[in-house]
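What follows is one structure encoded as C-alpha cells, with my remarks underneath.
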Amino acid sequence: MTGTTPVTDKPKIPAIELKNVVFYYQTAAWQLSLPALTLQQGEHLFIKGASGSGKTTLLNLLAGIISPRQGEIKLGGESFSRLSAAKRDTVRARKIGVVFQQLNLISYLSVLDNVLLSSHFAGLDKTASEQRAIKLLQSLALGPELIQQQAAALSVGQQQRVAIARALLTRPALLIADEPTSALDADNRDGFMQVMLEQANACQTSVIFVSHDATLRRYFSQQLDMQHLAQGVQPCC
Amino acid sequence: MLLKLARQSLWNRRGTALLTLFSLTISLVLLFGIEHLRKEARQSFTSTISGTDLIVGARSGQLNLLLYSVFRIGNATANVNWATYQRIRKHPQISWTIPLALGDSHRGYRVLGTNTDYFKYYRYANDQSLKFREGQPFNKVYDTVLGAEVAAKLGYKLGDQITLAHGVGAVSFSEHKDKPFTVTGILAPTGTPLDQTVHVSLEGIEAIHLDWQQGAPVPGRKISAEQALQQDLTPKAITAFMVGLESRMATFVVQRQINEFRGEALSAILPGVALAELWQMLSMVENLLLLITLLVLVAGLVGMMTTLLASMKERQREMAILRAVGAHPWYLFVLIQLEVLLLTLLALLVAAVTLVVSLWALQDRLASSYGLFININPFTLQTLYWAGAVLLVSALLACIPAFTAYRRALNDGLAIRL
Chain A
0 MTGTTPVTDK
10 PKIPAIELKN
20 VVFYYQTAAW
30 QLSLPALTLQ
40 QGEHLFIKGA
50 SGSGKTTLLN
60 LLAGIISPRQ
70 GEIKLGGESF
80 SRLSAAKRDT
90 VRARKIGVVF
100 QQLNLISYLS
110 VLDNVLLSSH
120 FAGLDKTASE
130 QRAIKLLQSL
140 ALGPELIQQQ
150 AAALSVGQQQ
160 RVAIARALLT
170 RPALLIADEP
180 TSALDADNRD
190 GFMQVMLEQA
200 NACQTSVIFV
210 SHDATLRRYF
220 SQQLDMQHLA
230 QGVQPCC
Chain B
0 MLLKLARQSL
10 WNRRGTALLT
20 LFSLTISLVL
30 LFGIEHLRKE
40 ARQSFTSTIS
50 GTDLIVGARS
60 GQLNLLLYSV
70 FRIGNATANV
80 NWATYQRIRK
90 HPQISWTIPL
100 ALGDSHRGYR
110 VLGTNTDYFK
120 YYRYANDQSL
130 KFREGQPFNK
140 VYDTVLGAEV
150 AAKLGYKLGD
160 QITLAHGVGA
170 VSFSEHKDKP
180 FTVTGILAPT
190 GTPLDQTVHV
200 SLEGIEAIHL
210 DWQQGAPVPG
220 RKISAEQALQ
230 QDLTPKAITA
240 FMVGLESRMA
250 TFVVQRQINE
260 FRGEALSAIL
270 PGVALAELWQ
280 MLSMVENLLL
290 LITLLVLVAG
300 LVGMMTTLLA
310 SMKERQREMA
320 ILRAVGAHPW
330 YLFVLIQLEV
340 LLLTLLALLV
350 AAVTLVVSLW
360 ALQDRLASSY
370 GLFININPFT
380 LQTLYWAGAV
390 LLVSALLACI
400 PAFTAYRRAL
410 NDGLAIRL
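From first to last, the protein sequence lines are chains A and B. For the first sequence, position 16 matches number 15 in numbering that gives the first Met the number 0, and the numbering has no gaps at all. For the second sequence, position 411 matches number 410 in numbering that gives the first Met the number 0, and the numbering has no gaps at all.
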C-alpha cells in the first residue's frame with residue numbers, strides 16, 4: 000500500500016480459514032483438532048511439527064484430499080471442505096500450490112512440463128502459462144537453458160525451486176510447503192526461503208510452511224505447533 | 000497432456016515396457032498367425048480338388064480314400080480291378096474318369112500312374128485346369144510329367160531322366176533302375192499336392208513292375224525296358240479313380256450303384272462330404288490350437304498387468320505429485336488405462352508387421368515343405384474383430400492396476416511412502 004491510497008476498512012477476505020476442524024481415522028485412537036485458524040491473504044504461517052505428529056493429515060486436510068469430520072475449511076471465503084472430492088481437486092488445482100520435502104518433480108518430464116502440470120489441471124491458457132512459467136523460473140534463478148532438461152538431471156536445490164515455480168504458476172491463494180528445505184544445506188536453505196517468500200509475496204500467496212526446523216521460524220509472522228493439535232495416543236515411529 | 004504423460008511415463012520405464020511389448024507381440028503374432036494359417040490351410044485343402052463328383056476305390060473309410068487319392072497321404076488297403084474300372088467307366092451317367100495308380104515314389108515324391116485324361120479333366124481351386132509350364136503330357140510309356148515343386152526342388156529340366164523307387168519312403172532300397180523315365184512336361188504351380196507329384200502313364204507303372212512280384216524283384220527274371228515295351232502293358236489293377244458325372248443330380252444314384260457293385264467291394268465317396276468330415280475331425284485340433292493361443296495371449300496380457308501393478312509402488316510419488324497439482328483420482332485411472340492401450344496398440348502394430356514380414360519370408364518354405372500356399376496378407380475383417388477384442392480385454396484387465404492407482408490416490412493423498 001502506498002501512502003496516497005486512502006485507508007479503507009474494507010474487510011479482507013482471509014486466504015484460508017479453519018473453524019472447529021476435527022479429523023480422526025476410524026482405525027486410530029487419535030484425532031486432530033484445530034479450533035480456529037485464520038490466515039489473511041499474503042500472511043504466512045509456520046507450523047512446527049516433526050514427522051509422525053499428524054503433519055501429513057493436516058496437509059491432506061488443507062489441500063482438500065480429505066475432508067474434516069467436523070468443522071469447516073474455507074478457502075478465499077468460500078467453503079472448501081463441503082465441496083465434493085472432485086470439486087476440491089479442481090479448487091486445489093486453481094488455488095493451492097503444494098511443495099513436498101523432496102522429489103517434487105516427475106522425473107521423466109522436462110522442467111517446463113513439470114511446471115506446466117499445474118496450469119494444465121487448473122485449465123489455464125497454455126501459451127500464457129508457458130510465458131509465465133519461463134519468467135517465474137527465471138526469477139527463481141533457473142535459466143532458459145534448463146527448462147527443456149529432464150527434471151531428474153537437476154540438483155536437489157534446483158528441483159525444489161522448480162517445484163516453487165509449479166506451485167506459484169497458477170497464482171494460488173495458498174502455498175503449502177512440507178519441509179521443502181530438509182534436503183538442502185544451510186546456504187541453499189536460506190536462499191530457498193528467500194526466493195520462495197519473495198515470489199509468494201509477488202503473487203499475494205499465503206504460505207503455510209511445515210517444518211521441524213525451528214531456525215526457519217524467523218521468516219514467519221505466525222506460528223503453530225502441531226503438538227497442540229494432535230490429541231490421543233500417537234503411535235511411535 | 001494426458002497422452003504426453005502416458006507416453007513419457009512408458010518411455011521412462013522402457014526396459015520393462017519393451018519386455019512387456021515383446022511378450023505381448025509374441026502372443027499376438029501367434030494368435031493372428033495361427034488364425035491365418037488355419038484359414039489358409041483349409042483354403043488350401045479345399046482347393047485341391049474341384050469338379051470331381053465321386054472318387055472310387057477299394058472299400059474303405061471315406062477319409063482314407065480321400066487322403067490317399069487326393070492328398071497323397073497314407074496308402075490304399077486294396078486295389079480296384081482293371082476290369083471293374085472298365086465296366087464302371089462305361090456307365091451312361093459317367094462323363095469322364097481319371098484312373099489313379101499309386102505306390103511308387105521318386106526321392107520322396109509320390110508317383111502317380113494315370114492317363115492323359117488326368118490333364119484334361121482334373122480341376123482344382125475354382126474349376127481351374129492343369130497348365131503346363133513347360134513341355135506336354137506323357138505319350139510314351141517311359142515319359143513323365145513333374146509337378147512344379149518336384150522340378151524346382153530337384154532341379155529337373157525337360158529331357159532329364161529319372162528312376163522310380165518302389166514304395167513311398169524318401170529313401171528306397173529297391174529302385175526300378177533299369178527303366179528310367181524321361182521328363183516330357185513340367186506343370187505350372189497349383190498350390191496343391193499335385194506340385195509334389197511325379198506323373199507317369201499307367202503303362203509305365205505296369206512296365207516297371209513286370210519283373211516284380213509281391214513288391215520285390217523276382218530273382219533271375221529280368222525284363223529290359225525295351226523288352227517290356229513288347230509285352231501287354233494293360234494294367235491289372237489301379238488304386239482308385241475319379242469320376243465326373245453327366246449330371247450332378249445323378250451323384251447319389253451312381254454312388255449307390257458303385258457301392259453295391261457285385262463284382263468287387265468298392266467305395267464311392269463325394270469329395271466335398273469327405274472333406275467336411277475331415278474338417279470336423281480337424282476342428283477339434285484347430286479349436287485346441289486356438290484355445291492354447293488364446294491362453295498364451297491371456298498370459299501375455301496378465302504379464303503386462305503384473306508389470307504395471309508392480310510398477311505402481313515405485314510410481315506412488317508420481318501419483319502423489321499429480322494429486323497435489325489437482326489431478327482427480329479418475330485422471331490417474333485413465334492415465335494407467337491409456338498406458339495399457341498405448342502398449343497394446345503398439346503390440347498389435349508390431350505384431351502385424353512381424354507377421355507380414357515372417358509370412359513373406361516363410362511363404363516359399365511353407366509352399367515347398369508343406370504344400371501350403373499362404374497368402375501374405377493375414378488381415379481380414381475378422382482380424383479387426385480380434386484386435387478389438389484384444390484391446391477390450393486389455394482395457395478390462397487394466398482396470399486392476401488402474402483401480403489400484405485410483406484407490407491409492409484416495410487413501411494416500413499427498414503422503415508419499417518411500
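Even for Gly, the Cβ is constructed at its ideal location relative to N, Cα and C. Quick caveat: nothing in here was measured; it's all calculated off a predicted structure.
* To do: Determine the closest residue to L36 of chain B out of B:A239, B:L354 and B:V339, with distance taken between C-alpha atoms.
  => The residue given as residue 36 of chain B occupies position 37 in the second sequence. The candidate whose alpha carbon is nearest that of L36 of chain B is B:L354.
* Residue range of the unbroken beta strand (DSSP E) whose run includes L33 of chain A -> Stepping through the first sequence from its first residue, residue 33 of chain A is reached at position 34. Its beta strand (DSSP E) spans residues W29 to Q39.
* Between A236 of chain B and the rest of its own chain, which residues show a CB-CB distance below 7 Å, the 5 nearest in sequence each way excluded? -> The residue given as residue 236 of chain B occupies position 237 in the second sequence. Once the five neighbours on either side are set aside, the close Cβ partners of A236 of chain B are N78, V79, N80 and W81.
* M304 of chain B beta carbon near the ligand MN (any heavy atom closer than 7 Å) -> For the ligand MN, the structure offers nothing, since it holds no ligand at all.
* Asked: Secondary structure at V206 of chain A, three-state DSSP: helix, strand or coil?
  -> Against the first sequence, residue 206 of chain A aligns to sequence position 207. Residue state, collapsed to three classes: strand.
* Is the beta carbon of A150 of chain B sitting closer than 8 Å to the one on I207 of chain B? -> Taking the second sequence and counting its residues from 1, the one referred to as residue 150 of chain B is at position 151. Taking the second sequence and counting its residues from 1, the one referred to as residue 207 of chain B is at position 208. In this structure, A150 of chain B lies away from I207 of chain B, with their beta-carbon atoms at least 8 Å apart.
* **Neighbour list for N11 of chain B in chain A, Cβ cutoff strictly below 8 Å** => In the second sequence, the residue the question calls residue 11 of chain B occupies position 12. The answer, in chain order, is S106 and Y107.
* To do: Report the rounded CA-to-CA distance for R316 of chain B versus F402 of chain B, giving the unit in angstroms.
  => One-based indexing of the second sequence puts residue 316 of chain B at position 317. One-based indexing of the second sequence puts residue 402 of chain B at position 403. Our two residues, R316 of chain B and F402 of chain B, have alpha carbons roughly 17 Å apart in a direct line.
* Identify the contact partners of S282 of chain B in chain A, using a Cβ-Cβ distance below 9 Å as the criterion. => One-based indexing of the second sequence puts residue 282 of chain B at position 283. Chain A residues near S282 of chain B: none, gap ~49 Å exceeds 9 Å.
* Is it the case that the Cβ atoms of V197 of chain B and L101 of chain B are separated by a distance below 8 Å? -> Indexing the second sequence from 1 puts residue 197 of chain B at position 198. Indexing the second sequence from 1 puts residue 101 of chain B at position 102. No, the Cβ-Cβ distance between V197 of chain B and L101 of chain B is not below 8 Å.
* To do: Name the two residues that bound the continuous alpha helix (DSSP H) containing N258 of chain B.
  => Within the second sequence, the letter at position 259 stands for residue 258 of chain B. Per DSSP, N258 of chain B belongs to the alpha helix (DSSP H) from T250 to N258.
* Asked: List, in order along the chain, the chain A residues whose C-beta lies closer than 8 Å to that of M303 of chain B?
  -> Here residue 303 of chain B refers to the residue found at position 304 when the second sequence is read from its first residue. By Cβ distance, chain A contributes nothing, its closest Cβ being about 19 Å from M303 of chain B, past 8 Å.
* DSSP state of Q336 of chain B, grouped into three classes? -> Within the second sequence, residue 336 of chain B is the residue found at index 337, counting from 1. Residue state, collapsed to three classes: helix.
* Using CA coordinates, which residue listed in A:L136, A:A182, A:E42 and A:L38 is at the minimum distance from A166 of chain A? -> In the first sequence, counting from the first residue as 1, residue 166 of chain A sits at position 167. The option with the nearest alpha carbon to A166 of chain A is A:L136.
* To do: For S128 of chain B, count neighbouring C-beta atoms within 10 Å of its own C-beta (all shown protein chains included) and say buried if the count is 16 or more, exposed if not.
  => Here residue 128 of chain B refers to the residue found at position 129 of the second sequence. By the neighbour-count criterion, in which 16 or more other beta carbons inside 10 Å mark a residue as buried, S128 of chain B falls on the exposed side.
* Asked: Buried or exposed: where does N74 of chain B fall if 16 or more other Cβ atoms within 10 Å of its Cβ makes it buried?
  -> If you number the second sequence from 1, residue 74 of chain B lands on position 75. Classification for N74 of chain B: exposed.
* Asked: Where does R416 of chain B fall in DSSP's three states?
  -> Residue 416 of chain B sits at position 417 when you count from the first residue of the second sequence. Residue placement at R416 of chain B is poorly supported in this model, since its pLDDT is 49, which falls under 50; the coordinates still yield a value, given next. In this structure, R416 of chain B counts as coil in the three-state DSSP scheme.
* Asked: From L31 of chain A to L331 of chain B, what distance separates their C-alpha atoms?
  -> Here residue 31 of chain A refers to the residue found at position 32 when the first sequence is read from its first residue. Here residue 331 of chain B refers to the residue found at position 332 when the second sequence is read from its first residue. Pairing L31 of chain A with L331 of chain B, the inter-Cα distance amounts to about 29 Å.
* Rounded straight-line distance, which links the Cα of A176 of chain A to that of A132 of chain A -> Counting from 1 along the first sequence, the entry for residue 132 of chain A is found at position 133. Counting from 1 along the first sequence, the entry for residue 176 of chain A is found at position 177. Inter-residue distance for A132 of chain A and A176 of chain A is about 19 Å (C-alpha atoms, whole angstroms).
* Asked: To which residues does DSSP link T47 of chain B through a beta bridge?
  -> Translated into the one-based positions of the second sequence, residue 47 of chain B becomes position 48. According to DSSP, T47 of chain B bridges with nothing at all.
* Asked: How many angstroms separate the CA atom of L120 of chain B from the CA atom of L300 of chain B?
  -> Translated into the one-based positions of the second sequence, residue 120 of chain B becomes position 121. Translated into the one-based positions of the second sequence, residue 300 of chain B becomes position 301. Note on identity: in this sequence residue 120 of chain B is Tyr, with Leu being the wrong assignment. The alpha-carbon atoms of Y120 of chain B and L300 of chain B are separated by roughly 52 Å.
* Asked: For chain B, is any of its Cβ atoms less than 8 Å away from the one on S210 of chain A?
  -> Mapped onto the first sequence, residue 210 of chain A falls at position 211. No, no contact with chain B.
* To do: Report yes if the CB atom of T113 of chain B is closer than 8 Å to the CB atom of I97 of chain B, and no otherwise.
  => The count along the second sequence starts at 1 and reaches residue 113 of chain B at position 114. The count along the second sequence starts at 1 and reaches residue 97 of chain B at position 98. Yes. Within cutoff.
* Asked: Got a sec: which bits of the stretch 113-128 of chain A sit with their beta carbon under 7 Å from any beta carbon on chain B, in order along the chain?
  -> Residues of the stretch 113-128 of chain A with a C-beta less than 7 Å from any C-beta of chain B: L116, S117, H119, F120 and A121, listed in chain order.
* To do: Return the CA-CA distance between F251 of chain B and V272 of chain B, expressed in angstroms with no decimal places.
  => For this step, residue 251 of chain B is matched to residue 252 along the second sequence. For this step, residue 272 of chain B is matched to residue 273 along the second sequence. Rounded to whole angstroms, F251 of chain B and V272 of chain B show a C-alpha spacing of 12 Å.
* State yes or no: is the C-beta of Q147 of chain A within less than 8 Å of the C-beta of L115 of chain A? => Against the first sequence, residue 147 of chain A aligns to sequence position 148. Against the first sequence, residue 115 of chain A aligns to sequence position 116. Result no, Cβ atoms of Q147 of chain A and L115 of chain A do not sit closer than 8 Å.
* **C-alpha gap between M192 of chain A and Q25 of chain A, whole angstroms** => The sequence position of residue 192 of chain A within the first sequence is 193, counting from 1. The sequence position of residue 25 of chain A within the first sequence is 26, counting from 1. Distance between the alpha carbons of M192 of chain A and Q25 of chain A is about 37 Å.
* Output the distance between the C-alpha atoms of R406 of chain B and M311 of chain B, rounded to the nearest integer angstrom. => If you number the second sequence from 1, residue 406 of chain B lands on position 407. If you number the second sequence from 1, residue 311 of chain B lands on position 312. Looking at the two C-alpha atoms, the distance is approximately 11 Å.
* Report the residues of the stretch 302-330 of chain B with a CB closer than 9 Å to any CB of chain A, ordered along the chain. => Residues passing the 9 Å Cβ filter: R316, E317, A319, I320, L321, R322, A323, V324, G325, A326, H327, P328, W329 and Y330.
* Applying a beta-carbon distance threshold of less than 8 Å, which residues of chain B neighbour R165 of chain A? -> Looking up residue 165 of chain A in the first sequence gives position 166. The CB of R165 of chain A comes closer than 8 Å to the CB of V324 in chain B, given here in chain order.
* Using the C-alpha atoms, what's the distance from E263 of chain B back to G146 of chain B? -> Position 147 of the second sequence, counting from 1, holds the residue named residue 146 of chain B. Position 264 of the second sequence, counting from 1, holds the residue named residue 263 of chain B. Computed Cα separation, rounded: 33 Å.
* So is Q336 of chain B in contact with chain D if we call contact Cβ pairs under 8 Å? -> The structure shown has no chain D; the protein chains it does contain are A and B.
* Asked: Counting contacts by CB-CB distance shorter than 8 Å, is T89 of chain A in contact with chain B?
  -> Indexing the first sequence from 1 puts residue 89 of chain A at position 90. At least one CB atom of chain B sits nearer than 8 Å to the CB of T89 of chain A.
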